[in-house]
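Inspection log for the structure reproduced underneath, given as structure tokens.
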Amino acid sequence: MIKTPPLLIGVSLLFWSWQTGYLAAGIVMAAIAEGLRLINRRWELSPLDFHRIADLCAIIIIALTAYRFLAGTASSVRWIPMEIFPLLVGQSLSSVGGVDLGALFYTARQREKKGELKTRRTVDVSYPYFAFVLLATSAANVRTPVFYGGIFMLIGWALLSVRPRGAPLILWTVLFLLAGGLGWTGQIGLRNLHLKIEDATFGWYQQFMGRDLNPFRTVTAIGDIGELKLSNRIVLRVRIEENASPPEHLLEASYNTYKDKRWFALGQRFHPLAPIGDGTVWRIGEKPENFKTLTISGRLRRGKGILSLPIDAYRIENLPVSILERNRYGVVRVQGGPGMVNYRVRFGSGLSYHEPYDEQDLVIPAKELPAVRQIAKEMGLSAKAPRETIATLKAFFQKRFKYSLILESGKLGSTPLANFLLKSRSGHCEYFATATVLILRLIGIPARYATGYRVDEYSRLEDSYVVRARHAHAWALAFIDGDWSHVDTTPAIWLALEKEAAPALEPVYDLFRWIGHSFSRWRWSESKGGLPAWVLWFIVPLAILLIWRIVFRKRAASAVAGKEKLDDQKSIPVPESAFYRIEENLARQGFARRKWETQTTFIRKIEAAGPDSDAVQGLNEMLTLHYRIRFHPGGAKETARAQLQERVTKWLHQYGSAGRLLSAENIAGHRPHILDKP
9 MIKTPPLLIG VSLLFWSWQT GYLAAGIVMA AIAEGLRLIN RRWELSPLDF HRIADLCAII
69 IIALTAYRFL AGTASSVRWI PMEIFPLLVG QSLSSVGGVD LGALFYTARQ REKKGELKTR
129 RTVDVSYPYF AFVLLATSAA NVRTPVFYGG IFMLIGWALL SVRPRGAPLI LWTVLFLLAG
189 GLGWTGQIGL RNLHLKIEDA TFGWYQQFMG RDLNPFRTVT AIGDIGELKL SNRIVLRVRI
249 EENASPPEHL LEASYNTYKD KRWFALGQRF HPLAPIGDGT VWRIGEKPEN FKTLTISGRL
309 RRGKGILSLP IDAYRIENLP VSILERNRYG VVRVQGGPGM VNYRVRFGSG LSYHEPYDEQ
369 DLVIPAKELP AVRQIAKEMG LSAKAPRETI ATLKAFFQKR FKYSLILESG KLGSTPLANF
429 LLKSRSGHCE YFATATVLIL RLIGIPARYA TGYRVDEYSR LEDSYVVRAR HAHAWALAFI
489 DGDWSHVDTT PAIWLALEKE AAPALEPVYD LFRWIGHSFS RWRWSESKGG LPAWVLWFIV
549 PLAILLIWRI VFRKRAASAV AGKEKLDDQK SIPVPESAFY RIEENLARQG FARRKWETQT
609 TFIRKIEAAG PDSDAVQGLN EMLTLHYRIR FHPGGAKETA RAQLQERVTK WLHQYGSAGR
669 LLSAENIAGH RPHILDKP
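My numbering applies: residue 9 is where the sequence shown begins, and numbers increase by one.
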């Protein structure tokens, strides 16, 4: 049975389900856990039965782990209460009141099989299960005062039930409230520390993961030393419809202010857009005369993120999110979506959905101005038209600069960007994009720094373009002829260099990635999120099979249990013992031992009848030798056998005749209540 206080497990399961969103499952589990307390009947579950229950839990855990792996979702601690719930139910239905150690630990199970454990060893799992419920609740990542208060009260409830009897209740309560207050204060401090660490490592994450999801700022690797390495994982899949060519760039964010290796988007505000039709269609721009269609597949972290879109996208379809927002810099942000989205984008050669420029799009940092002026003068850009300027910029960087992920230290006293333009002339896309933006601004063309992905690699396996983390890219946006256009001056060889650095087994990895992606698409198309319904169809048959094996087969086996027990006793060689001569003699005198009565209890009843104390002492000594012969792990000892034989002969000679053990008065007064007649 459950050893925790009544209702504690049930209330904790309800709190868990409320915080995680599994309310229906939590209500059912709480009702079962607390309802089993009202059932008086218990079953004699064997260690093998508990092994089967534990195996069921292991199968459930493995199945859900495989599902999470194939679906590409993070490991969900929130499912632990459901995964190990059968163990709690098994303990509640068992007459043992615990779970065998062999069901929990592999080593203990092996010792049970080898017969090394002479006694059955069990452990109560109700309190560990309660702890796992709290752990799963915290994994929901809800950090409100309600969450902390609920956890605090549940822990207090559990600790109160095991409070030492000598501890005053008032003192215990005061100390517990003090600990709770310190815990609340401490978690606020840890949260603030976490935010500071997160802010400090933001730049490192952006540099090495190649994924920029912050619309307010982006940290570049300009001026860093070492080698940049980007992941080969696939982050997007782009399928083009009607034999159209894909856009070269998928834009995520753009920024207008450069300072100390960072680009910022100042003065921006997000504005929510209303959906059209069934709530999955969103209009973000004006419809052009001619348009093309593509489908982009990617993941949303916790249901939210920034969409990767062509700059001239005007309509998004099949996007089931609750909130879609857009800012003036072309960033489209979503919230309340599934873990994976497969949205259709309509785009064309019309106007971009970005708003016009402002004065900030012409600002150049003072310390970068000398180098920018010198390089612009070298190119002779002052007298060129905007389109001609763009062509000159691309040709100049293509011929006279080199793309490299090896970052070296620059000249002391100059900025990293100035060293790139005037000295090293070697760097990665962030250098080229930043330099291009500032050069365009110098000659009066409004420009912004843009981040996103380059669409270049076609996969025959998936019949679509795949976008990897290493395809993360930075380029410039220039406002020319009343609209924003891409200006990418990074030498085109960068894609080839990145591909050469890919591992030789990348096609094999891609095959498994495609399998996982296909499973994820099916998974998210079947369910809005949370625990998939098919998991229940997987668990229910296993649970029914387990119940049948434990309950119904146990009933069928009870009819032959007695016969099997006798056969087992006959098959096990039992060392002969002279003590059986004592039992036979007592039976002839009218004192037979009951079948269910142990020999120790039998002797105690004889002693209560009032025989000679020496006779009883002799019986106890002979019984000790008898047990040693039968159950000693090293086998019967010849010396013990000889001693028992000698004492039995002596005892029978002294008390074996009728009437010598008990007087007639004792027999008449006690035998009906203590001993059976033969």
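Cβ coordinates follow ideal geometry from the N, Cα and C atoms, glycine included.
For residue i, report the span of its alpha helix (DSSP H) as first-last.
| i | result |
| --- | --- |
| Glu629 | 621-639 |
| Ser20 | 16-28 |
| Arg408 | 394-408 |
| Tyr135 | 134-146 |
| Gly1 | Missing from the structure shown is residue 1; the chain here goes from 9 to 686 and no further. |
| Leu53 | Note, Leu53: premise wrong, no alpha helix (DSSP H); not H, not E. |
| Gly43 | 31-43 |
| Thr442 | 437-450 |
| Ser472 | It is not in any alpha helix (DSSP H) - Ser472 instead sits in the beta strand (DSSP E) that spans 472-476. |
| Tyr588 | 587-596 |
| Phe93 | 93-101 |
| Ala374 | No alpha helix (DSSP H) holds Ala374; DSSP gives it neither H nor E. |
| Gln607 | 607-616 |
Could you tell me how far apart the beta carbons of residue i and residue j are, in whole angstroms, since I believe they sit closer than 8 Å?
| i | j | result |
| --- | --- | --- |
| Gly18 | Glu42 | 4 Å |
| Pro14 | Trp165 | Between Trp165 and Pro14 the Cβ distance is about 11 Å, and since that is not below 8 Å, they are no contact. |
| Val107 | Thr130 | 6 Å |
| Leu142 | Ser25 | About 13 Å separates the two Cβ atoms, so there is no contact after all. |
| Ala586 | Val656 | 4 Å |
| Gly472 | Asp518 | Contrary to the premise, residue 472 reads as Ser rather than Gly in this sequence. Contact doesn't hold; Cβ gap of about 12 Å is too wide. |
| Arg50 | Leu101 | 6 Å |
List the DSSP bridge partners of residue i.
| i | result |
| --- | --- |
| Leu429 | Beta-bridge pairing links Leu429 to no other residue. |
| Glu333 | Pro280, Arg341 |
| Trp290 | Ile324 |
| Tyr457 | Tyr263, Ala484 |
| Thr126 | It is Lys, not Thr, that sits at residue 126 in the sequence shown. Its beta-bridge partners do not exist; DSSP assigns none. |
| Tyr411 | Gly435 |
| Arg462 | His257 |
| Val107 | Val131 |
| Leu46 | None; Leu46 has no bridge partner. |
| Lys11 | BP columns for Lys11 are empty, so no partner. |
| Ile314 | Arg341 |
Figure out for me which residue from the options has the closest Cα to the Cα of residue i.
| i | options | result |
| --- | --- | --- |
| Val340 | Leu359, Ile69, Leu315, Glu363 | Leu315 |
| Leu122 | Val131, Gly110, Thr130 | Leu is not the amino acid found at residue 122; the sequence shown has Lys there. For the residues Val131, Gly110, Thr130, the minimum Cα distance to Lys122 belongs to Gly110. |
| Leu168 | Gln368, Val371, Trp180 | Trp180 |
| Arg277 | Arg270, Ile319, Gly338 | Gly338 |
| Ala261 | Pro255, Phe272, Pro254, Val656 | Phe272 |
| Pro378 | Ala443, Ser146, Arg50, Arg596 | Ala443 |
| Lys11 | Gln118, Val133, Pro89, Ile70 | Val133 |
| Gly306 | Ala441, Asn298, Ile614, Val342 | Val342 |
| Lys402 | Gly347, Val495, Gly344 | Val495 |
| Tyr635 | Leu162, Phe58, Ala648, Gln625 | Ala648 |
| Phe155 | Gly490, Tyr517, Leu22 | Leu22 |
| Arg596 | Gly664, Ile67, Gln406, Lys658 | Gly664 |
| Thr303 | Leu259, Glu249, Leu64 | Glu249 |
| Leu429 | Arg456, Arg381, Val353 | Arg381 |
| Trp88 | Ala504, Ala33, Ala144 | For the record, residue 88 in the displayed sequence is Ile; it is not Trp. Ile88 has its Cα closest to that of Ala144, out of Ala504, Ala33, Ala144. |
| Leu308 | Arg323, Lys269, Met348 | Met348 |
| Ala321 | Arg352, Leu413, Leu183, Gly311 | Arg352 |
| Ile447 | Ile372, Thr228, Gln625 | Ile372 |
| Val445 | Ile523, Thr265, Gln99 | Thr265 |
| Pro296 | Phe355, Lys267, Gly194, His481 | Phe355 |
| Leu281 | Ala512, Ala187, Leu125, Arg323 | Arg323 |
| Ile383 | Pro364, Phe409, His362, Glu363 | Phe409 |
| Gly367 | Cys65, Leu274, Glu376, Leu660 | A quick correction: the sequence has Glu, not Gly, at residue 367. Out of Cys65, Leu274, Glu376, Leu660, Leu274 has the C-alpha closest to the C-alpha of Glu367. |
| Val463 | His436, Ala147, Leu244 | Leu244 |
| Glu396 | Tyr135, Ser54, Ile488 | Ile488 |
| Leu64 | Pro55, Phe93, Ile284 | Phe93 |
Taking residue i as part of the beta strand (DSSP E), name the residues at either end of that continuous run.
| i | result |
| --- | --- |
| Gly356 | 348-356 |
| Glu465 | 465-467 |
| Ile248 | 242-248 |
| Trp659 | Here Trp659 belongs to no beta strand (DSSP E); instead the alpha helix (DSSP H) covers 646-663. |
| Ser305 | 299-307 |
Report yes or no: is there a C-beta of chain C within less than 7 Å of the C-beta of residue i?
| i | result |
| --- | --- |
| Asp57 | Considering every chain present, this structure includes no chain C. It has just one protein chain. |
Unbroken stretches of the beta strand (DSSP E), 3 residues or longer, contained in the segment 485-523: 491-495
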